[in-house]
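*Asks:* Those protein sequences? They're chains G and Y, same order as listed.
Read in order, the letters of the first sequence are residues -6 to 422 in the numbering used here.
Read in order, the letters of the second sequence are residues 73 to 369 in the numbering used here.
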Amino acid sequence: MLILGVGCSSEEEASSDGDNSEIANDGKVNGELEIQYFVGGYGDSWWKEVIADFKEKYPDVTITEHAGPNINEEMRSRWVSGDPPDVVYIDGAGSSETQMVEDGQLMNLTDWVKDVEVDGTPITESFIVDPAKYDGEIYSLPLVFDTWGTWYDETWFEAEGYEVPTDFESFMSTMGDIQEGEDIAPFVTTGQHPYYFLRGMLYPAFGAAGGDQLLEDVITGKEGAWTSEPVLEVMKKVEQMQKEGYIDKGFGALNHTQSQMNFLLHKNAFIPVGFWLPNEMEKDKPEDFTYGFIPSPMQDAGEPFAVVPDLRPLAIAEEADNPEAAKAFVDFVFTKEYATLFSEHTGAIMNINGVDLSQNENVPDYLIEANAMINDPEQVQIYQKPHPMSAELETPISNALVSLMLGNITAEEFTQQAEEAAAEYRNSK
Amino acid sequence: MVQSKKQKYLFLAFCLIPTFIMFSIFTLYPLFSGLYYSFFEWSGSSENKEFIGISNYIQLFNDEIIPMTILHDYFLVAAKVLGIMVLALFFAVALTQLKIKEAPFYRIVFFFPNIMSVVVIGILWTFIYNPSLGLVNSGLQFMGLEDWTRPWLGSEKWALPSLVLPSIWAGIGLFMLMLMGGIANVSKSYYEAAEIDGANEWQQFWKVTLPLVWPQIKISILYIVITTLNGSFIIVQIMTGGGPNNSTHVMGSYLYEQAFVQYNFGYGATIGVMILILSLVTVLILQFFMRRERVEY
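1) Note down the Cα distance separating Lys215 of chain G from Asn23 of chain G, rounded to an integer number of angstroms.
2) Run through chain G and tell me which residues come within less than 7 Å of Ser117 of chain Y, C-beta to C-beta.
3) Starting from the beta carbon of Gly254 of chain Y, find every residue of chain G whose beta carbon is closer than 8 Å, and list them in chain order.
4) Chain G partners of Ser227 of chain Y, CB-CB under 9 Å?
5) I want to verify the contact list: residues of chain Y whose CB lies under 8 Å from the CB of Ser396 of chain G, in sequence order.
6) Can you look up His380 of chain G in the DSSP assignment and give me helix, strand or coil?
7) Would you check if there are 3 or more beta carbon pairs closer than 8 Å linking the stretch 69 to 82 of chain G to the stretch 376 to 391 of chain G?
8) In three-state DSSP terms, what is Ile264 of chain G?
9) Select from G:Pro158, G:Glu118, G:Arg419 the residue whose C-alpha is nearest the C-alpha of Phe298 of chain G.
10) In this structure, how does DSSP classify Met215 of chain Y when only helix, strand and coil are distinguished?
11) For Ala45 of chain G, which residues in chain Y fall below 9 Å Cβ to Cβ?
12) Classify Val158 of chain Y: buried if its beta carbon has 16 or more other beta carbons within 10 angstroms, exposed otherwise.
13) What do you reckon, are the CB atoms on Gly245 of chain G and Pro223 of chain Y nearer than 9 Å?
14) Are Ser115 of chain Y and Asn336 of chain Y closer than 9 Å when you measure CB to CB?
15) Give a yes or no on whether the minimum CB-CB distance between Asn120 of chain Y and chain G is below 9 Å.
16) Specify the secondary structure class of Asp303 of chain G as computed by DSSP and reduced to three states.
17) If Phe161 of chain G sits next to Gln292 of chain G, beta carbons under 8 Å apart, how far is it from one beta carbon to the other, in whole angstroms?
18) Can you round the beta-carbon distance between Pro302 of chain G and Thr140 of chain G to whole angstroms, since I take them to be within the 8 Å contact cut?
19) If we call anything under 9 Å between Cβ atoms a contact, is Leu107 of chain Y one with Ala331 of chain Y?
20) Let me make sure I understand the geometry here. Which of G:Ala262, G:Leu225, G:Phe138 has the alpha-carbon closest to that of Pro306 of chain G?
21) Taking the alpha carbon of Gly142 of chain G as the point to measure from, which residue in G:Arg419, G:Leu195, G:Asp314 has its own alpha carbon closest?
22) Okay, do the stretch 342 to 349 of chain G and the stretch 116 to 125 of chain G touch, 3+ Cβ pairs below 8 Å being the bar?
23) Apart from the five residues on each side of it in sequence, which residues of its chain come closer than 6 Å, Cβ to Cβ, to Gly254 of chain Y?
24) Mapping the DSSP letters down to three states, classify Phe298 of chain G as helix, strand or coil.
25) Can you give me the Cβ contacts of Ala384 of chain G inside the same chain, cut-off strictly under 7 Å, excluding the 5 residues immediately before and after it?
26) Between the stretch 199 to 214 of chain G and chain Y, which residues of the former have a C-beta closer than 8 Å to a C-beta of the latter?
27) Given a threshold of 16 other Cβ atoms within 10 Å of its Cβ, counted over all protein chains shown, does Trp40 of chain G qualify as buried or as exposed?
28) To the nearest angstrom, how far is the alpha carbon of Ser70 of chain G from that of Ser117 of chain Y?
29) Whole angstroms are fine: how far does the CA of Gly154 of chain G sit from the CA of Ile287 of chain G?
30) Starting from the beta carbon of Phe332 of chain Y, find every residue of chain G whose beta carbon is closer than 7 Å, and list them in chain order.
31) Using DSSP bridges, identify the partner residues of Lys126 of chain G.
32) From what residue to what residue does the alpha helix (DSSP H) around His249 of chain G run?
33) Using the Cβ count rule (16 or more neighbours within 10 Å means buried), how would you classify Phe163 of chain Y?
34) By the 10 Å Cβ neighbour count, where 16 or more other Cβ atoms means buried, how is Asn65 of chain G classified, buried or exposed?
35) Measuring alpha carbon to alpha carbon, tell me which residue in G:Met382, G:Pro62, G:Leu247, G:Val348 is nearest Pro203 of chain Y.
36) List the whole-angstrom C-beta distance separating Met93 of chain G from Leu102 of chain G, where the pair is believed to meet the contact cut-off of C-beta under 8 Å.
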């Protein structure tokens, strides 16, 4: 019923455009529709179900799926030659929303999105986190609400009596206990992709220390942001973790799967990763392992946890051959029903608020707890970044971050290097 | 006679034209397109390209990472040439001149890594070097050498040297076989004559074997240099991704990062042009220094 409602809304919207040759007189969306989606830790079962339902609703639309773990590379030549698919889910290696917007590859959805509804409520009021804006314009709709946080093994912690951290102070204290009790470095991340630490630990820390404004300043490389006092304080915390020997000395060589394996094998106790972790490592999880999730505890005592969602958006190509079918598909996807299904299929959250997962037996416990926590402002404060950081800035900052975490530079030297990278980034724009 | 000459040229054209067409499509075209794109600012993922003249080349000369990547490349070249040639020569001589019963078995063992994909080799050695689960650190601990354990690929100091071992391991077999072929062609009469003259085995190696397999050694060295400058990218990409903190980036991996991670495809193409130039210059210099009269006895 809900789908029907949204479908009708879509048809009305499409028809109201008036200049659309793809819409038949009977108001049906038809023609060919190409969809590109990355298949990573979340798998593809949700996509298959959604697409099958869409086909049922719009039998006159022929859908071609371009999907896989390397789909961004495989489809590159199509985008370069100006023959992109109609709809694209932007996620995974080789994709960059910011770059696509800068290259003019995505359709401006600012006006269209105003009339889209989710189960009768305007979509603009239904997002947990609003769409990224580029000079005030919207080019994509945030589909997946990926929250980077810190994972631990609940069973292990309970058995050994380790306290689950609630702030940076207790985080350090628990890591100290684990180091002493297990003779391991408690914290691991992937050094081959240092942005995991940047997005999983530093962004929440910056959010907690300086709110959305500080986040925006560091992401856009604003002059003086990286050498500012709150950033230095955060980096001092990282330096402290390194000096205490809490960061695995071998992290620099680990790719994301290896670091996750280390974590599952109790070679380390904490890892900052997104919600895809349980789904991705499903086959490797030891039997007595129970995923526990907290927002990264980088905030000072007495403050709520900070979460900075990493949104994976759905967009329509500027040069889409069938923009109306593409709009109908995007419209179709954003419902509470599919948001619930998404959590069931992937163990993650879709970016739609008001979805009740608390009684859903098909959703893993960690997600129910995380969902409840994220929706409780007393426990968790959500900070929002304006858009993803450009790879041109993220790469040099990530490199300096590795040096800091290896103990080769100080927090002050890191901020200086980051500031220089930001200056170079500003000059290149 | 005229007819026969015409037929000859027709036959030559018939043989060469398809080859030239393939060469043009798969070698010349990418080469010139790389050169063409190096004059553009282009993300590599859209139609939008902006001609910027030699700006990418100016950026190349001001890029602080580039000298580091060149040094890393030549470090790998030197280590691989030295390691592979010394070991390949040693094993080739041992397996051809010493009467080892299991020689055919060893030949297979040494050649085995050559039939493995570089990707597999990279992944395998990544596990071997794993700081907490890997063979290297476990072996050192087992031998009581705990102080020697370190995060091999995770250390800015040790990551690049750690890449040398898998590269040598993967390369010995092929060059060993090439040298064995050369050694097998050396007439036994030279060794008999040397023996009669009182030369010991070491002297026979220096005075007979080495000079007579020099052509194979020269080709092997050139091959190692070219493949390292152009191909070490794969092992770097798999084992370290150029990190930690650029400490293992070679020109190829830096090209990849610029072109496909940072979306500076035009600049990536410029780095590609530089790799080509450096490879050519290096090979020419090596050819010059390795020129030598053919030895005949």
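C-beta atoms are modelled at their ideal positions from N, C-alpha and C, and glycine is treated no differently.
These numbers were taken from a predicted model, which means no experiment stands behind them.
*Replies:* Result, derived from the coordinates:
1) The sequence position of residue 215 of chain G within the first sequence is 222, counting from 1. The sequence position of residue 23 of chain G within the first sequence is 30, counting from 1. Rounded to whole angstroms, Lys215 of chain G to Asn23 of chain G spans 46 Å at the Cα level.
2) For the purposes of this step, residue 117 of chain Y is taken as residue 45 along the second sequence, with counting starting at 1. Those are Arg69, Trp72, Val73, Gln92, Asp96, listed as they occur along chain G.
3) In the second sequence, counting from the first residue as 1, residue 254 of chain Y sits at position 182. Per Cβ cutoff of 8 Å: no residues; Gly254 of chain Y is ~39 Å from chain G at best.
4) For this step, residue 227 of chain Y is matched to residue 155 along the second sequence. Neighbours of Ser227 of chain Y on chain G, chain order: Lys242, Gly243, Gly245, Ala246, Leu399.
5) As a working note, residue 396 of chain G is residue 403 in the first sequence. Result: Glu228, Pro316, Asn317.
6) By one-based count along the first sequence, residue 380 of chain G stands at place 387. In the structure shown, His380 of chain G sits in coil (DSSP, three-state: anything other than H, G, I, E or B).
7) The stretch 69 to 82 of chain G vs the stretch 376 to 391 of chain G: no contact.
8) Stepping through the first sequence from its first residue, residue 264 of chain G is reached at position 271. Three-state result, Ile264 of chain G: strand.
9) By 1-based counting over the first sequence, the position of residue 298 of chain G is 305. The candidate whose alpha carbon is nearest that of Phe298 of chain G is G:Pro158.
10) Here the question's residue 215 of chain Y lines up with position 143 in the second sequence. It is coil, neither helix nor strand.
11) Position 52 of the first sequence, counted from the start, is the residue given in the question as residue 45 of chain G. What Ala45 of chain G touches in chain Y: nothing, since even the nearest Cβ is about 30 Å away.
12) As a working note, residue 158 of chain Y is residue 86 in the second sequence. Exposed.
13) Translated into the one-based positions of the first sequence, residue 245 of chain G becomes position 252. Translated into the one-based positions of the second sequence, residue 223 of chain Y becomes position 151. Yes; because the gap between Cβ atoms is below 9 Å, this pair is in contact.
14) The sequence position of residue 115 of chain Y within the second sequence is 43, counting from 1. The sequence position of residue 336 of chain Y within the second sequence is 264, counting from 1. Using a Cβ distance threshold of 9 Å, Ser115 of chain Y and Asn336 of chain Y count as a contacting pair.
15) Numbered from its first residue, the second sequence carries residue 120 of chain Y at position 48. Interface residue, yes.
16) Here residue 303 of chain G refers to the residue found at position 310 when the first sequence is read from its first residue. Three-state DSSP puts Asp303 of chain G in a strand.
17) One-based indexing of the first sequence puts residue 161 of chain G at position 168. One-based indexing of the first sequence puts residue 292 of chain G at position 299. Confirmed, about 6 Å.
18) Here residue 302 of chain G corresponds to residue number 309 of the first sequence, with the count starting at 1. Here residue 140 of chain G corresponds to residue number 147 of the first sequence, with the count starting at 1. Confirmed, about 5 Å.
19) Within the second sequence, residue 107 of chain Y is the residue found at index 35, counting from 1. Within the second sequence, residue 331 of chain Y is the residue found at index 259, counting from 1. Not closer than 9 Å, so no.
20) Numbered from 1 along the first sequence, position 313 holds the residue referred to as residue 306 of chain G. Checking every option, the nearest Cα to that of Pro306 of chain G belongs to G:Phe138.
21) Start at 1 with the first residue of the first sequence, and residue 142 of chain G comes out as number 149. Per the Cα distances, G:Leu195.
22) yes
23) The sequence position of residue 254 of chain Y within the second sequence is 182, counting from 1. Within the same chain, Gly254 of chain Y has close Cβ partners Val285, Gln288.
24) Here residue 298 of chain G refers to the residue found at position 305 when the first sequence is read from its first residue. Here Phe298 of chain G carries a strand assignment [DSSP, helix/strand/coil].
25) The residue labelled residue 384 of chain G in the question sits at position 391 within the first sequence. Only Ser89 meet the Cβ criterion.
26) none
27) Taking the first residue of the first sequence as 1, we reach residue 40 of chain G at position 47. Buried is the call here.
28) To locate residue 70 of chain G, count along the first sequence from 1; it is residue 77. To locate residue 117 of chain Y, count along the second sequence from 1; it is residue 45. Distance between the alpha carbons of Ser70 of chain G and Ser117 of chain Y is about 7 Å.
29) Numbered from its first residue, the first sequence carries residue 287 of chain G at position 294. Numbered from its first residue, the first sequence carries residue 154 of chain G at position 161. Going by the C-alpha atoms only, they are around 17 Å apart.
30) What you label residue 332 of chain Y is simply residue 260 of the second sequence in a count that begins at 1. The answer, in chain order, is Gly87.
31) Here residue 126 of chain G is taken as the residue at index 133 of the first sequence, counted from 1. Per DSSP, G:Ile131.
32) The residue labelled residue 249 of chain G in the question sits at position 256 within the first sequence. Following the DSSP letters along the chain, one finds His249 of chain G inside the alpha helix (DSSP H) bounded by residues 249 to 257.
33) Residue mapping note: residue 163 of chain Y aligns to position 91 of the second sequence, counting from 1. Phe163 of chain Y comes out buried.
34) Position 72 of the first sequence, counted from the start, is the residue given in the question as residue 65 of chain G. Asn65 of chain G should be labelled buried.
35) Mapped onto the second sequence, residue 203 of chain Y falls at position 131. Cα-wise, what sits closest to Pro203 of chain Y is G:Leu247.
36) Position 100 of the first sequence holds residue 93 of chain G. Position 109 of the first sequence holds residue 102 of chain G. That pair is no contact at about 13 Å.
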